[in-house]
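Worksheet for the structure shown next.
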Amino acid sequence: MTVSMEQLRRCHFAVDLGAARTRVYVKGAGLVVDEPSAAAVNTRTGALIAVGEFAEKMTGRTPGYIRVVRPVSGGTVVDIEMAQRMLRHLLGEKLRRTLRRKPRLRAAAATPHDADPLAQRATVETLIGLGARRVELVDTLIAAAVGCGLPVEQPEATMIMVCGAATTQIAVLSLGAIVTAERIPVGGDAIDHAVVQHLRQHHELMLPSQSVRPLQLALSGNGLTAEGPEQTEIHGRDVATGLARSVHVDTSAVRRAIHTPLTAVLDGIGKVLRDCPPDLVADLADRGIMMVGGSALLPGLDQMLRNATGMPVHIAERPDVCSVQGLGAMMEGRIQPLALDPLAG
Ligand SMILES: Nc1ncnc2c1ncn2[C@@H]1O[C@H](COP(=O)(O)OP(=O)(O)OP(=O)(O)O)[C@@H](O)[C@H]1O
Ligand SMILES: [Mg+2]
Numbered sequence: 001m002t003v004s005m006e007q008l009r010r011c012h013f014a015v016d017l018g019a020a021r022t023r024v025y026v027k028g029a030g031l032v033v034d035e036p037s038a039a040a041v042n043t044r045t046g047a048l049i050a051v052g053e054f055a056e057k058m059t060g061r062t063p064g065y066i067r068v069v070r071p072v073s074g075g076t077v078v079d080i081e082m083a084q085r086m087l088r089h090l091l092g093e094k095l096r097r098t099l100r101r102k103p104r105l106r107a108a109a110a111t112p113h114d115a116d117p118l119a120q121r122a123t124v125e126t127l128i129g130l131g132a133r134r135v136e137l138v139d140t141l142i143a144a145a146v147g148c149g150l151p152v153e154q155p156e157a158t159m160i161m162v163c164g165a166a167t168t169q170i171a172v173l174s175l176g177a178i179v180t181a182e183r184i185p186v187g188g189d190a191i192d193h194a195v196v197q198h199l200r201q202h203h204e205l206m207l208p209s210q211s212v213r214p215l216q217l218a219l220s221g222n223g224l225t226a227e228g229p230e231q232t233e234i235h236g237r238d239v240a241t242g243l244a245r246s247v248h249v250d251t252s253a254v255r256r257a258i259h260t261p262l263t264a265v266l267d268g269i270g271k272v273l274r275d276c277p278p279d280l281v282a283d284l285a286d287r288g289i290m291m292v293g294g295s296a297l298l299p300g301l302d303q304m305l306r307n308a309t310g311m312p313v314h315i316a317e318r319p320d321v322c323s324v325q326g327l328g329a330m331m332e333g334r335i336q337p338l339a340l341d342p343l344a345g
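In this text, residue positions in the sequence shown follow my numbering: the first is 1, and each later residue adds one.
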């Protein structure tokens with residue numbers, strides 16, 4: 001996939017359709033949508049009942065005839081029609097009218113590194129359904145690197161790790177292009193799942209999804225790496241009786257459960273470094289790894305990576321919105337045009 005800065009500058013809006021969240025940047029207006037990629041549908045009539053935040057709140061709380069669907073899965077649009085309906089609602093009538101007025105509406109979209117042609121097509125089709133006449137695809141790794149202000153256009157290596165909900169993407173970039181990269185099908189969701197499974201297996205406790213975050217915070221006291229017998233109290237529902245129950249959970253055991261999915265991420269970092277030319281690895285030892293994506297906020301993840309790699313690890317400011325902000329910066333022409341031409345993916 002190759003798209004030039006000139007083409008990107010002609011775009012009117014940019015979309016990052018993530019497994020967890022959908023973000024839209026409109027040229028001249030900035031980030032206008034940042035909501036969960038969810039839609040609640042009435043299965044009897046097919047009508048859309050809610051989208052975004054409100055639809056996500058309905059998860060697990062709906063009567064039988066209402067279903068909460070997620071049109072994006074694993075970083076790929078799996079239900080084009082539903083993704084279009086969701087985006088239309090998230091944008092709202094006023095923004096849609098503004099976009100409709102453009103004579104030849106052009107859109108930019110972030111696409112996962114190494115996305116196959118079918119996945120790319122699904123993203124393009126979704127935006128064409130929204131009225132775009134042309135869609136430019138940009139590798140998420142490049143968009144995120146630009147969005148967090150890494151000096152991608154310089155002839156020195158930078159390493160970025162995009163920690164999403166469904167995937168983790170890692171790359172070494174230099175001169176505006178990807179030198180080596182890996183996409184690992186493990187993200188924040190797999191980590192949440194590991195916590196939920198641990199409590200189910202070792203404490204016969206079912207954890208409502210909104211309780212996962214407080215537990216992660218409890219783990220953060222000394223970082224994901226700490227060992228020790230601290231305990232934290234968790235409320236949930238007994239697997240057998242279905243009654244409310246609280247248990248004291250050994251936080252170091254939960255940390256070990258989280259380590260299993262994280263091993264795949266560490267292997268990915270190792271592979272990217274092994275595939276990287278030695279001169280660039282020397283740059284990286286100083287600069288370290290920049291973490292972006294919502295899961296970069298997982299308490300203690302940065303410290304764990306520091307310990308495992310021996311490299312400096314930084315978390316971007318607002319890591320969750322870096323990709324879409326990067327697309328926005330490129331659309332608005334805020335980054336040097338020549339250096340990143342073409343944006344090789
Ligand atoms: N404060 C936080 N602590 C821990 N995890 C968090 C926090 N905030 C967000 N996350 C996690 O970040 C993930 C969402 O990140 P992000 O918005 O980058 O995903 P996405 O772009 O939708 O997914 P993908 O890029 O994989 O398609 C979720 O798994 C969520 O649990
Ligand atoms: Mg993402």
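Glycine is no exception: its CB is placed at the ideal position from the N, C-alpha and C atoms.
ARG134 has ARG106 as its beta-bridge partners, per DSSP. The criterion of a C-beta distance shorter than 9 Å is satisfied by ILE315 and VAL292. Taking a C-beta distance under 9 Å as the contact criterion, GLN120 and LEU105 do not qualify as a contact pair. Near ligand 2, meaning a beta-carbon closer than 5 Å to one of its heavy atoms, we find GLY18, GLY164. DSSP, read as helix, strand or coil, puts MET311 in coil.
When DSSP states are grouped into helix, strand and coil, GLY75 belongs to the coil group. In the assembly as shown, ASP139 is a buried residue. Its beta-carbon has 16 or more other beta-carbons within 10 Å. Closer than 8 Å to some heavy atom of ligand 1: that does not describe the Cβ of SER211. Burial check for LYS27: the Cβ neighbour count within 10 Å reaches 16 or more, so the residue is buried. Taking VAL68 as reference, the option from PHE54, ASP238, ASP302, MET331 with the minimal CA-CA separation is PHE54.
Taking 8 Å as the cut-off, one finds at least one heavy atom of ligand 1 near enough to the beta carbon of VAL72. According to the DSSP secondary-structure assignment, ALA181 is paired through a beta bridge with ALA171. Under the criterion of beta carbons closer than 8 Å, ARG213 and MET206 do not qualify as touching, at roughly 16 Å. Close CB contacts of ALA143 within its chain, under the 7 Å cut and outside five residues either way in sequence, are with ALA110, SER323, GLY326, LEU327 (chain order). Every beta strand (DSSP E) of 3 residues or more that sits fully in the region 17 to 83 is shown, in chain order, as 21 to 26, 30 to 36, 39 to 42, 48 to 51, 66 to 69.
In the assembly as shown, GLU6 is an exposed residue. Its beta-carbon has fewer than 16 other beta-carbons within 10 Å.
At least one heavy atom of ligand 1 falls within 8 Å of the beta-carbon of ASP189. Cβ-Cβ distances below 6 Å link ILE258 to ILE191, ALA194 in the same chain, with the five nearest sequence neighbours on each side left out; the list follows chain order.
LEU17 sits close to VAL72, with the two beta carbons spaced by under 9 Å. At the C-beta level, THR45 and ASP34 stay beyond 9 Å of one another. Nearest neighbour of GLY64 by Cα position, chosen from GLU81, ALA40, MET86, ALA83, turns out to be ALA40. For the 9 Å CB-CB criterion, ALA166 and ALA19 form a contact. Secondary structure at GLU233: strand, using DSSP grouped into helix, strand and coil. Taking a 10 Å sphere around the C-beta of ASP320, we find 16 or more other C-beta atoms and assign the residue as buried.
When rounded, the separation of the alpha-carbon atoms in GLY310 and GLY149 is 23 Å. If you compare the alpha carbons of HIS12, ALA285, ALA296, ARG9 with that of ASP189, the shortest gap goes to ALA296.
The shortest CA-to-CA distance from HIS12 to any of THR43, ALA108, GLU230 is the one to ALA108.
SER323: member of the alpha helix (DSSP H) spanning 322 to 331, first to last residue. Here the C-alpha atom of HIS248 lies approximately 23 Å from the C-alpha atom of PRO261. With a cutoff of 8 Å, LEU127 does not count as near ligand 1, since its C-beta is closer than that to no heavy atom of the ligand.
Of the other Cβ atoms in all chains shown, 16 or more fall within 10 Å of the Cβ of HIS113; this residue is therefore buried. THR76 and ALA122 do touch by the CB rule: their CB atoms are close to 6 Å apart, below 8 Å.
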